[in-house]
Every structure is written in C-alpha cells, then in structure tokens.
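One structure is given here, and the rest of the page talks about it.
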Amino acid sequence: MTENHAWAKRDESGTTLALIDHGEDVAAVLRTVLTQTAYRSRIAILAGRALSDQDVERLCALAFLHDLGKANSGFWRRQFPKMPRIGHTEIVGALFHRSVQLRDQAVVRELSGLITAWGATEHLTAVMAHHGRPLASFSTPGAMSGSSIREARRDAGWWRAIDGYDPLGELARLLAAARRRFPLAFAEGPPLPDAPRAVALLAGLVTLADWLGSDTAHFPFATPSGLSRSQFAARQAALAVAVRGLSPLSRAASGSFAAAFGFPPYEAQEKAAAAWLGAIAALEAETGSGKTEAALWRALALIARGEVDALYFAVPTRTAATQLHGRINRHLARVFGADAPRAVLAVPGYLRAGDEDGQRLAPFTVLWPDGGGDDARWAAEAPKRYLAARIAVGTIDQALLAGLKVKHAHLRAAALSRALLVVDEVHASDAFQTEILRTVIGNHVEAGGRVMLLSATLGSAARAALLGQEAPSLAQALETPYPALSGLEAAPTKVETGGRRKEIAVETAPLIAHPREIAARALRAARAGASVLVVRNTVADAVAVQQALEAEGAGDLLFRVGGVATLHHGRFAAEDRRRLDTEIEAVFGKVDDDQPPEDCRGRERRPVVAVGTTTLEMSLDLDADLLLTDLAPMDVLLQRFGRLHRHRRERAAGFETPRAVVLVPEARDLSPLLDRARHGLGPPKQGRGIYPRLAVIEATWRLLEERARIVVPCDCRRLVELTTHPEALDAVAAQKGGAWLDHATRQEGGRVADRTLAADHRLDMAAPFTDLLFPEDEKVRTRLGADDRLIPPKAPFVGPFGVTITQLRIPGWMLKDAGQLPDDVTVAVREEAGAEGVRFTLGTVGFRYDRLGLRVG
Numbered sequence: 001m002t003e004n005h006a007w008a009k010r011d012e013s014g015t016t017l018a019l020i021d022h023g024e025d026v027a028a029v030l031r032t033v034l035t036q037t038a039y040r041s042r043i044a045i046l047a048g049r050a051l052s053d054q055d056v057e058r059l060c061a062l063a064f065l066h067d068l069g070k071a072n073s074g075f076w077r078r079q080f081p082k083m084p085r086i087g088h089t090e091i092v093g094a095l096f097h098r099s100v101q102l103r104d105q106a107v108v109r110e111l112s113g114l115i116t117a118w119g120a121t122e123h124l125t126a127v128m129a130h131h132g133r134p135l136a137s138f139s140t141p142g143a144m145s146g147s148s149i150r151e152a153r154r155d156a157g158w159w160r161a162i163d164g165y166d167p168l169g170e171l172a173r174l175l176a177a178a179r180r181r182f183p184l185a186f187a188e189g190p191p192l193p194d195a196p197r198a199v200a201l202l203a204g205l206v207t208l209a210d211w212l213g214s215d216t217a218h219f220p221f222a223t224p225s226g227l228s229r230s231q232f233a234a235r236q237a238a239l240a241v242a243v244r245g246l247s248p249l250s251r252a253a254s255g256s257f258a259a260a261f262g263f264p265p266y267e268a269q270e271k272a273a274a275a276w277l278g279a280i281a282a283l284e285a286e287t288g289s290g291k292t293e294a295a296l297w298r299a300l301a302l303i304a305r306g307e308v309d310a311l312y313f314a315v316p317t318r319t320a321a322t323q324l325h326g327r328i329n330r331h332l333a334r335v336f337g338a339d340a341p342r343a344v345l346a347v348p349g350y351l352r353a354g355d356e357d358g359q360r361l362a363p364f365t366v367l368w369p370d371g372g373g374d375d376a377r378w379a380a381e382a383p384k385r386y387l388a389a390r391i392a393v394g395t396i397d398q399a400l401l402a403g404l405k406v407k408h409a410h411l412r413a414a415a416l417s418r419a420l421l422v423v424d425e426v427h428a429s430d431a432f433q434t435e436i437l438r439t440v441i442g443n444h445v446e447a448g449g450r451v452m453l454l455s456a457t458l459g460s461a462a463r464a465a466l467l468g469q470e471a472p473s474l475a476q477a478l479e480t481p482y483p484a485l486s487g488l489e490a491a492p493t494k495v496e497t498g499g500r501r502k503e504i505a506v507e508t509a510p511l512i513a514h515p516r517e518i519a520a521r522a523l524r525a526a527r528a529g530a531s532v533l534v535v536r537n538t539v540a541d542a543v544a545v546q547q548a549l550e551a552e553g554a555g556d557l558l559f560r561v562g563g564v565a566t567l568h569h570g571r572f573a574a575e576d577r578r579r580l581d582t583e584i585e586a587v588f589g590k591v592d593d594d595q596p597p598e599d600c601r602g603r604e605r606r607p608v609v610a611v612g613t614t615t616l617e618m619s620l621d622l623d624a625d626l627l628l629t630d631l632a633p634m635d636v637l638l639q640r641f642g643r644l645h646r647h648r649r650e651r652a653a654g655f656e657t658p659r660a661v662v663l664v665p666e667a668r669d670l671s672p673l674l675d676r677a678r679h680g681l682g683p684p685k686q687g688r689g690i691y692p693r694l695a696v697i698e699a700t701w702r703l704l705e706e707r708a709r710i711v712v713p714c715d716c717r718r719l720v721e722l723t724t725h726p727e728a729l730d731a732v733a734a735q736k737g738g739a740w741l742d743h744a745t746r747q748e749g750g751r752v753a754d755r756t757l758a759a760d761h762r763l764d765m766a767a768p769f770t771d772l773l774f775p776e777d778e779k780v781r782t783r784l785g786a787d788d789r790l791i792p793p794k795a796p797f798v799g800p801f802g803v804t805i806t807q808l809r810i811p812g813w814m815l816k817d818a819g820q821l822p823d824d825v826t827v828a829v830r831e832e833a834g835a836e837g838v839r840f841t842l843g844t845v846g847f848r849y850d851r852l853g854l855r856v857g
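In case it helps, the UniProt record's numbering puts the sequence shown at residues 1 to 857.
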C-alpha cells in the first residue's frame, strides 16, 4: 500500500507508521524519562539549574522532530521497489546550509526561528545525532568546506517535490503537529540551558528514547480505537520505562549489613557506605577481604539516599565478569528476595540475565527460556544497551566506551549517569586505558554519578590520578595506610577487613625457561598430597608445562574437565571457558559462596596440578597449597599469592604454610630483555608486551631477594609502592644506567604517546556539540592492541569437552598475517580424530582448536 504522507517505519508486509505517530512515541518516552526517572536531575546538575516545565516541553518537542529528515522525498520513495536507500540524518543539514536556498523556504524559516528563540542550536544538533554519532552536516569545523557545500547541494535535491509528494509540506505538517502537542514549548520563555555537558546527556537520552519508542512490543503501528496516538504513546511510554528498568529501584537498602548479607560486616565494609567519602570512594584491601560486599553495601546505601538507582560492576576480564556475575546475583537474591532485579552479564557473546541464558533467533530477536521479557533481559540483548540495565556486571571496556569517540558513546554515558560505577581490580599499567578511565570518571561525576574503586594493589600515584588529586611523594606513599578507605573528600584511613593475616614463604627458582623442571617440581608436590597451581605469563609457556606434565606421566594428578586433561587460559571458546571456570573452582574453590571466607571449611581435596595464565589471578575463588609462578610485577604477584591458603582447611604435610615459588631467569640479569621480550617480560618487537617495563620487574626481583617471607596485608603497601611509584622506578633505571635509561626513556615515551592518543580519542563532553566529530573508521579501541575478532563457525561443532561451540575469539596478533578478512567471515572447520580437535584456516593462517585451546598451526 502506497503511503502519500511522510512515514517513519515500515514492516515486512508493507504497513507503515506515520512520521507524526513515531514522533509522538519518542517524545512520550523522553517526557516519561524526564519526569519519572533520575535523568531529569542529571540534566539539571549539568545545566546548572532545574529544568522548568517549559524546558521539558521544548526538549520533548525536539524529540518529536528527531526524525524530521524522513520527510525528504528520497526516504519517502524507499517504500517502492528498487529505490536507492536515501538516509534521513545528515540530509537535514541541507535545510540550514548557506549554499542552498532551502533556508529561505517558509517552513525552514519557521523552524530556524524557533531554534533561535529557544536557544536550541546545540540541542537540535544533539537530537539529530540520535543514531549514535555527531553529524558532519551540523558540525561547525567543516561547515563551509568545499565537500560540505557539494554534499548540501546534493542533499537539497531530496527536499524538492517529486511524484506528487511534497517533503517541505510534510515538514510543515510535522511542525504543526508539534505545536498542537506541545503548546507550552512554543510560548515565549527563557532559552533552554545550553551547558555542553547537559546537551551531551540529552543526545544520549534521545537515542535511548528512540530505541524504546521504536520497540513494536510496546509501540505497535496500529493505534487502538478510542485513543489518540498521543494518549496511546503516553500510556505505552510509562509501561516501557517501567518494564525496561529505567524507573528507580523501589526497594531501599536492608536495615543492616548483616540483614543484607547474612554475616556481620568488617570495618571496611560497614564504612564503605559512608556519605563523607564523596562522589568517588576507593577501597584498597587484600584479596579475599570482602571488597565486593563492601561495594554492594555502598550501592544499597546510595540507592536508599536517592543518589543512584543503578549499578555497573566493571572488572578487567571476561572471565572475571562471568564469575562475579554469579556472585552478584546470589547477593541480590538475598537482599531483595523473590523480586530481586536480575543482573545483566555485560560481556559480548553472552545473552545472560540473572541465571537465564537467551538464544538469538535473528539480529533483533532473542528467545528466553520462559518466552517472556523484562528490564534485565532487554538490556542484555545488545552490548549498546548494557549500561541501561539497573544492575550489570561486565568488563571495564563497556564503561570505557562511554568515554571514547565511538558510536553510541553519548547513549552509554547517559545510561550510566544514574549508576554507581564500581571499577574492580583497578590499576594503572596501561596509560591509554587509564586516561580514558579518568575521562569516564570525570564525566560521570560531573553528571551526578558515583564511583567506587576497588583494588588489592593500587599504588598511591595511580589512586591520586584517578581521584584527580596530586600524587604523593614516595616517602608519603610509603606512609599511606593499608588496608585503606579513601575518597574524593577523604584521605586514606586504615580500616579492618575480612582478610586474614597470611605469612607466605617465597623463594625464587631459575626455572622460567625450563618447563620440564617446572612440571617435575609441581608433580613432586602433588605426589606429596598438595594442590598446586602453576601460573605462567604466556599461553605458550603454559602449554609447554602442560605438555611436560603429561610427558612425565602425571595421570590422575592433572586438572581435567569432563575427564579430559587441560589447562586454563584465555584462548578457549566462551562455552568451554564456562566449563573450565566451573571445574577449576570445583577443584580449588570453597564449599559455600554465601559464607564469608573465614567461616568456610575446605572440601575434601585430592592432589592435583592445574596450569594456567593470568586468567587465574583474579575473581576465580581458588585455594592452593603451592603456587609456582613466573616472575611478574609485584602487584601481579600479590594477586597470584592471593590464591594460596585462601580458605581454612586441612593441609597436606609440609604445606601447612603458604608457599610460592617465583620462576626467574637463570642469569641474574634482565638486560637481554631490554630489546626483546621473553616469557612475557620486556617489550616485544611489535605490539605491546604483557609486562614491558623492566624497571618494575627489576624492582620486584630485588624485593623478592630481600625476604624469604611476605606477610599479607602488612607488607602490601611497601611492596606495591616500591615497585610502582615513579620515584622508585626512576631510581632503578638511574642505578643501572646505560641501556636501562634508554629503555626507560622509550617506555615513558610510549606512555606519553598513549596518553596523547587517548586525549585525541576521548569524548570531551565539555565541548559544544557542534564541535564534535567522530572518526570515520570506528577503530578506536578501549585497550591498545585489543583488536580481537569474534568469529562464528559455519556450523556449530562439538568442542574438546563435549560442549557445542558457536563462536571463537581470535586474538588480533594471530590474524596479522591472515590478510584482509570480511566482517562476516566464518570459520570452516574439519573434524579430526581424538585429541586433535578441529583445524581451520582464516585467510592464509591455519589454526587448531583442541583441549589445549586455540593455537596457530
């Protein structure tokens, strides 16, 4: 059926939704968001004044007009077969461009006059960016460039009447409908507040409103009889905002920590809720000291005080996110009972809300187990929506995308603004990532959001940088208490935590290059009754130890999944990683996750050796008798040491004391690594190494040589500051001299370059919206070098542990010789017998995926 008026949506049957009706839907959602959620107060904070009723009406009127570009004749003609796909966003710029005559048309003059009277130039620009990126045709920097003039003249042609359709007449109809719908907006009154940060938040909220207003589950094309579209839209908007989880949480915090979590709090946990910490709080405490519960208690207190009504828990890795997600949901069930909100797992590749997994049937269709849908599930269905969830647990990358010039950054920042952002295991080893995190924190706090930083090993200089404070000297840093609670408005204060005093026997062994000797040492301990973890810096070294163990006849002492001997690292498919995580915790974990650590009794253990990489450092609840670990930065080693004697249980004879063996090079000289990395230490020739700063490694090795025992938490502050503080690292380089100084200079130059690159790519919300332009290639990453690809097989295959594999994550460096791969590339696998797994080729590179993970070859 031909539609003679401007339309906005069209379904497969050819039925259309009128442009005016779609404007009603989106405006109704924005009105509901601005009157029934925390977002109105967020805009008011950024605007520097409360929003009046007229302000709200004008913003809603602009939302009503957000798709005015769809009135153009090119878009109208898309209802006919074989017509070109003319867009509707950039094309709006032609209406106001000086080089064409459209701006002299009566309706355009009327619209321009309104925008001027309302002081809404920036606001209109933000609203027109509802597809997720600022529009070049509205941007000040290139307004009169030659290319923009040519594009404006080309686009102007689509505003001329064609085939009996008058686009400017349809624009007049749309504007007249807006006048009728929002009369207060068109009355005289002061201009809209145009603070850039408030406008930036508006851009994100209009995108969110457009998404909700385009959801046919709530806004079908047909309007029920007896209702006007505006009446119907208002009713549906209230329902959609409530069901999708944008309205405030209705439950206040439990009366006490003990009531919420089932055990009495430690000092750090109880004080974490304090208002005097300010907008940013930081808790530094040893592994296993209850920092997660402290963050949740702060979230509940902030919700009760009306400061936030959402929570995003950001962790460094996908593994950490999947593990923490389960813990958070168990806590939520205890705090809120049967109607507990379900946390979204904010990790691309998953479709999980609460303990339920969805199945994607089509690009925009997800099937949930009971066929229903709620707020958590809606947010879980697309990464762009993750931060709109009431409660979500995911990687830090999802939060960092709110601070980069990438598509939908404004949406992410706006959605996050109502939340407590918890950054777990925060550290400052990556200058690019740290700079973007600082941007996100700054934008978030400016909008009234709250932040909590958690770390076992955060140096004082890094903490000061994230809090926007002056970095202390090394002497001052060494005097900083630990464990400590601090904030934007509070100096670090020593607090008691749930962590137990633990004295760890530490020795160094020159075995880092000898996997057979590492395997032999681990086997001796296991044969003596110990549970042993071997943590290598690289996957290649971990695989070498696993193969050595098997060659030594480790047999039943090997870690297994479903009876298959394997190891734990990051190059397994998500389906297999879930099985690996579950089994490693079953073998090394505790009985009851709901009990505090000191109340847990270890389950009966069998002697076992498990080999892994950095995936074993955090979030997984592991308790070993003996740890063999590669040399690494001290803060990393302390994380790994946290896997020792985590729970109270009976130990094998000879392992009553936690024991760590740090694997070091044979020669007491790191100089050969200054130009080439080995075993994850030093800078690689191409790309970024795991631990490239050798001054950190040297400082760590020296401290290990000084002491045979490390006491946690007593020694943590000193160990971290002496291996991370700039003064300490400068002293190491100066003492070594020569090539070490050159290395330090190159490393510092690299960090400066990373910070400069971050400054170029960060999203400056203090800039006028008309000054914003995003890169065209959209290749800005949250972590430098993080260019992995998620690639599905042409047909799902059964992996080494009996689970069906639907997607493989291929590290970018593995693909560097593969050539240009299309975006829709798939994996064509061929089955092989037994433990050989499957092989496949991408471009010119061959891969193997089996019980040892993904490998080239």
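Even glycine gets a Cβ: it sits at the ideal position worked out from N, Cα and C.
State the DSSP-derived secondary structure class of residue i, mapped to helix, strand or coil.
{"i": "Lys-384", "result": "helix"}
{"i": "Thr-844", "result": "coil"}
{"i": "Arg-648", "result": "strand"}
{"i": "Gln-820", "result": "coil"}
{"i": "Lys-590", "result": "coil"}
{"i": "Glu-489", "result": "coil"}
{"i": "His-743", "result": "helix"}
{"i": "Pro-515", "result": "helix"}
{"i": "Gly-799", "result": "coil"}
{"i": "Gln-323", "result": "helix"}
{"i": "Ala-389", "result": "coil"}
{"i": "Arg-305", "result": "coil"}
{"i": "Phe-221", "result": "coil"}
{"i": "Arg-851", "result": "coil"}
{"i": "Asp-630", "result": "strand"}
So, are the CB atoms of residue i and residue j less than 8 Å apart?
{"i": "Gly-799", "j": "Leu-821", "result": "no"}
{"i": "Leu-485", "j": "Leu-808", "result": "no"}
{"i": "Phe-526", "j": "Val-587", "result": "At residue 526 the sequence reads Ala, which differs from the Phe that was named. No. Outside cutoff."}
{"i": "Asp-630", "j": "Gly-680", "result": "yes"}
{"i": "Ser-112", "j": "Phe-96", "result": "yes"}
{"i": "Tyr-312", "j": "Val-422", "result": "yes"}
{"i": "Thr-317", "j": "Thr-538", "result": "no"}
{"i": "Leu-549", "j": "Ile-584", "result": "no"}
{"i": "Leu-622", "j": "Arg-646", "result": "yes"}
{"i": "Ala-379", "j": "Leu-345", "result": "no"}
{"i": "Ala-237", "j": "Ala-28", "result": "yes"}
{"i": "Val-838", "j": "Leu-815", "result": "no"}
Residue i and residue j look like a contact to me (Cβ under 8 Å); what is the Cβ gap, rounded to whole Å?
{"i": "Leu-637", "j": "Leu-670", "result": "Between Leu-670 and Leu-637 the Cβ distance is about 16 Å, and since that is not below 8 Å, they are no contact."}
{"i": "Val-440", "j": "Leu-400", "result": "6 Å"}
{"i": "Ala-120", "j": "Leu-62", "result": "6 Å"}
{"i": "Gly-288", "j": "Gly-642", "result": "6 Å"}
{"i": "Thr-292", "j": "Leu-324", "result": "7 Å"}
{"i": "Thr-508", "j": "Val-662", "result": "5 Å"}
{"i": "Ala-185", "j": "Gln-54", "result": "7 Å"}
Residues in its own chain within less than 6 Å of residue i by CB, not counting five upstream and five downstream?
{"i": "Val-712", "result": "Glu-286 and Lys-502"}
{"i": "Trp-740", "result": "Ala-733"}
{"i": "Pro-811", "result": "Asp-788"}
{"i": "Gln-476", "result": "none"}
{"i": "Ser-417", "result": "Arg-42, Ala-447 and Gly-449"}
Below 7 Å CB to CB, which residues in the same chain sit around residue i once its five sequence neighbours on both sides are set aside?
{"i": "Ala-340", "result": "Leu-332 and Ala-333"}
{"i": "Arg-651", "result": "Asp-625"}
{"i": "Arg-438", "result": "Ala-465 and Leu-466"}
{"i": "Leu-296", "result": "His-331"}
For residue i, collect the residues of the same chain with a Cβ closer than 8 Å to its Cβ; drop the 5 residues on either side in sequence, then sort them by chain order.
{"i": "Pro-196", "result": "Glu-122, Met-765, Ala-766, Ala-767, Pro-768 and Phe-769"}
{"i": "Arg-560", "result": "Thr-566 and Glu-583"}
Exercise for review: Would you list, in sequence order, the uninterrupted beta strand (DSSP E) runs of no fewer than 3 residues that lie entirely inside the region 702-774?
Suggested key: 709-712
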